[in-house]
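Quick notes on the structure that follows.
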Amino acid sequence: MAGVWVIAEHRDGAFRKITFEAASAAKTVADGLGVEVTAVVLGGGLEAACADLGKYGVAKVLYADSADLNVYSTEGYAAAVADLAKSGAPDVIIFGASMQGKDLAGRLAAKLDTSVAVDCTALKVDGGKLIATRPIYAGKIYADVLVTGAPQIATLRPNVFDVVETGGSAAVEKVSPAVGAIKVKQVEALAEEGGKIDLTEATIIVSGGRGMKEADNFKILEALADALGGTVGASRSAVDAGWRSHHDQVGQTGKVVTPNLYIACGISGAIQHLAGMGSSKVIVAINKDADAPIHTKADFCVVADLFDVVPALTEECKKLG
Amino acid sequence: MNIVVCIKQVPDTESQIKIGADGKSIATDDIKWVMNPYDEFGVEEALRIQKAKGGTVTVVGAGPKRVTEALRTALAMGADKAVLVEDEGLYGADPMAVAKILAAAIKPLTPDLVFLGQRAIDDDAGLVGSALAEYLDMPNLSVVTKLDLGEGSVTIQRPVEGQTLVLEAPLPAVVTTQKGLNEPRYASLPGIMKAKKKPLEVKSLADLGVDAAGKASVAALNPPPSRAAGKTIGGETPQELAAALAKALRDEAKVI
Chain A
491 MAGVWVIAEH RDGAFRKITF EAASAAKTVA DGLGVEVTAV VLGGGLEAAC ADLGKYGVAK
551 VLYADSADLN VYSTEGYAAA VADLAKSGAP DVIIFGASMQ GKDLAGRLAA KLDTSVAVDC
611 TALKVDGGKL IATRPIYAGK IYADVLVTGA PQIATLRPNV FDVVETGGSA AVEKVSPAVG
671 AIKVKQVEAL AEEGGKIDLT EATIIVSGGR GMKEADNFKI LEALADALGG TVGASRSAVD
731 AGWRSHHDQV GQTGKVVTPN LYIACGISGA IQHLAGMGSS KVIVAINKDA DAPIHTKADF
791 CVVADLFDVV PALTEECKKL G
Chain B
245 MNIVVCIKQV PDTESQIKIG ADGKSIATDD IKWVMNPYDE FGVEEALRIQ KAKGGTVTVV
305 GAGPKRVTEA LRTALAMGAD KAVLVEDEGL YGADPMAVAK ILAAAIKPLT PDLVFLGQRA
365 IDDDAGLVGS ALAEYLDMPN LSVVTKLDLG EGSVTIQRPV EGQTLVLEAP LPAVVTTQKG
425 LNEPRYASLP GIMKAKKKPL EVKSLADLGV DAAGKASVAA LNPPPSRAAG KTIGGETPQE
485 LAAALAKALR DEAKVI
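Protein chains in written order, with this note's numbering: chain A, 491 to 811; chain B, 245 to 500.
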């Protein structure tokens, strides 16, 4: 069968956006290799959604409608994909560097005796092989990685690869891979309050640093984020001061983010913070200190007091609707 | 309770990272090396479990001789003993090879729990945890922010996009640790003195019957893509600045 495989990620009966990003990127790689894209869908209730993957360049879907795979588990997914890959012999396997994908990658590669280019921001085909570009040292350096094992596995940083609709419908083949023993049981999934979008998936982030002065002041960032449909982040100083949860931390020891728009408010721009948000598509710095390093990274610099500018910007954004 | 914590030594977050002469590895001359920050949560959790349940905490590292310092730091925090798989060529090796090497070093220790940071802040791969679990034939629990030990099992919390998963696994298990799990202690002065006398066993790859050959190689390292120089938004009042910025984001950058 060979070709490029995509491992679909789904929640509540629907594919997650990263699945379409991975399928679109896989299509480009498959074209470069002169092969087709096959999607692997593990878990029940997704039959109708499977054919739709054709829209994103998938020619064929291997669909394992198994109760053991309804809920993601590292062991179950790694065993099932490895079992399918043994007979299917894909050249390349691509999936998201989401929380699920990052968890799966190592175990799957160990089962297949290969390696993974993790959290890639660019893929190219050279001499019949995939070369993957990935930021290391939280983006201080970019590495071009060649996985020499087979299959070559790459996971993709969310919100970097465009979703491309090519039209078409995929042929769905039912499969029953061996799943083996699953020792880890999911007891429950606790929903986060407010259904907040995770920083790693957010398209707009409004982030605050030491210049916010106290926890309560983050409400002006919440208001701006609400007006823009974004998520609030924080620098390490703001987290260490106890103003925000560590879930919100952006930087080398927090989350590495790639939103379309990153608005840094009262953030000086320590090297470890710049490393975490430097690959955002558009960066705005709002900091009254004209010499703050964050201004050297920003596309748009506002040298003014954030406590004046942020509420005014929120009003402007509301006007834009 | 027999607990193992894997330790990686990484450049401090404030380090400037420069590309080495070969174009494929980093220049290591000006770097301050520290224990991977995420591994500190593993050491702390192991010490807390040991205090409650008794047992031994062994820290295991793989890399050049300098990794001894990171292992001594863990011993100074309170770990009992250390194992270093010493090999000058291991820094920058394929994480899958490192996972295999660590598995070979850990297997004879027959741990009930293996901790390691959810990722190392140098290669940012996060592959070793679940790969190590596969090589040790144990379940893995990744990116853990809360852990409760039961009788022969462990229940953890793992934040994922928009949810926190509660997972349960039988022991032995591999757990990768995330900020939020605990507040790692600092090594005390008496701790540092004691650490010098604690056992640190050095092994070679040959001792373990493994090698550093991986399944991935770095073709090239490059500086991050450069960004065009920024534009300073002009305006006299906050309202003018906000209006000019909103216009730039809408019309020029097209992001709102």
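Just so it is clear, CB atoms sit at the ideal spot from N, CA and C, and this is done for glycine as well.
Taking C-beta atoms as the reference points, V608(A) and K619(A) fail to come closer than 8 Å. Contact of N750(A) with chain B by beta-carbon distance below 7 Å involves V499. Rounded to the nearest whole angstrom, the C-alpha separation of L536(A) and G503(A) is 6 Å. Annotation: A579(A) has no Cβ neighbours in chain B at a cutoff of 7 Å; minimum Cβ distance is about 16 Å. Within chain A, the residues placing a beta-carbon under 8 Å from that of A460(B) are S605, V606, A607, V635, L636, V637, T638, G639, ordered along the chain.
Per DSSP, Y567(A) lies in no beta strand (DSSP E) segment; the continuous alpha helix (DSSP H) that holds it begins and ends at 564-578.
Within the segment 247-317 of chain B, the runs of beta strand (DSSP E) that reach at least 3 residues and sit entirely inside it are, in chain order, 253-255, 277-279, 300-307. Restricted to the segment 355-441 of chain B, the beta strand (DSSP E) segments that are unbroken, complete and at least 3 residues in length are 357-361, 384-388, 390-393, 397-404, 407-414, 417-421, listed in chain order.
A direct Cα-Cα distance of roughly 17 Å separates Q590(A) from G361(B). Taking C-alpha positions only, S432(B) is separated from A320(B) by approximately 7 Å. Our two residues, P339(B) and D781(A), have alpha carbons roughly 40 Å apart in a direct line.
If the five residues before and after Q739(A) are omitted, its C-beta is found closer than 7 Å to the C-beta atoms of A724, R726, V729, K745, all from its own chain and listed in chain order. In this structure A513(A) touches G547(A) by the C-beta definition: roughly 6 Å separates them, less than 8 Å. Among the bridge pairs identified by DSSP, H500(A) is matched with F505(A). Among the residues facing chain A, A456(B) is not included, as its CB has no counterpart in that chain under 8 Å away.
Residue pairing for D616(A): DSSP places it in a beta bridge opposite K619(A). Interface annotation, F790(A): in contact with chain B, CB-CB separation under 8 Å. N280(B) counts as buried, since at least 16 other C-beta atoms from the protein chains shown sit within 10 angstroms of its C-beta. Contact between V303(B) and A271(B) does not hold, since their C-beta atoms are separated by about 28 Å, which reaches or exceeds 8 Å. Counting C-beta pairs with one atom in each stretch, the segment 463-478 of chain B and the segment 258-268 of chain B have three or more that are closer than 8 Å, which means they touch. At a cut-off of 8 Å between beta carbons, A599(A) contacts chain B.
Burial check for E330(B): the Cβ neighbour count within 10 Å reaches 16 or more, so the residue is buried. For I753(A), the three-state secondary structure derived from DSSP is strand. At a cut-off of 8 Å between beta-carbon atoms, Q407(B) makes contact with chain A. Exclusion of the five residues before and after R471(B) leaves no residue of its chain whose Cβ lies closer than 6 Å to its Cβ. Interface annotation, D338(B): in contact with chain A, CB-CB separation under 8 Å. Listed along the chain, the chain B residues whose CB falls inside 7 Å of the CB of C807(A) are A490, I500.
Cβ contact annotation for M382(B) (same chain, cutoff 6 Å, sequence separation greater than five): P416, A417, V418, in chain order.
A direct Cα-to-Cα measurement between A612(A) and L444(B) gives close to 42 Å.
For T743(A), the neighbours in chain B by C-beta distance under 9 Å run, in chain order, T257, P281, Y282, I365, K423. Just so you know, the alpha carbons of G720(A) and V398(B) end up roughly 36 Å apart.
Listed by position along chain A, the residues whose Cβ is nearer than 7 Å to that of A369(B) are V608. Contacts with chain B at 8 Å (Cβ-Cβ) include H737(A). E806(A) and L718(A) have their C-alpha atoms roughly 10 Å apart. Assigned with DSSP and collapsed to three states, Q742(A) falls in coil, not helix or strand.
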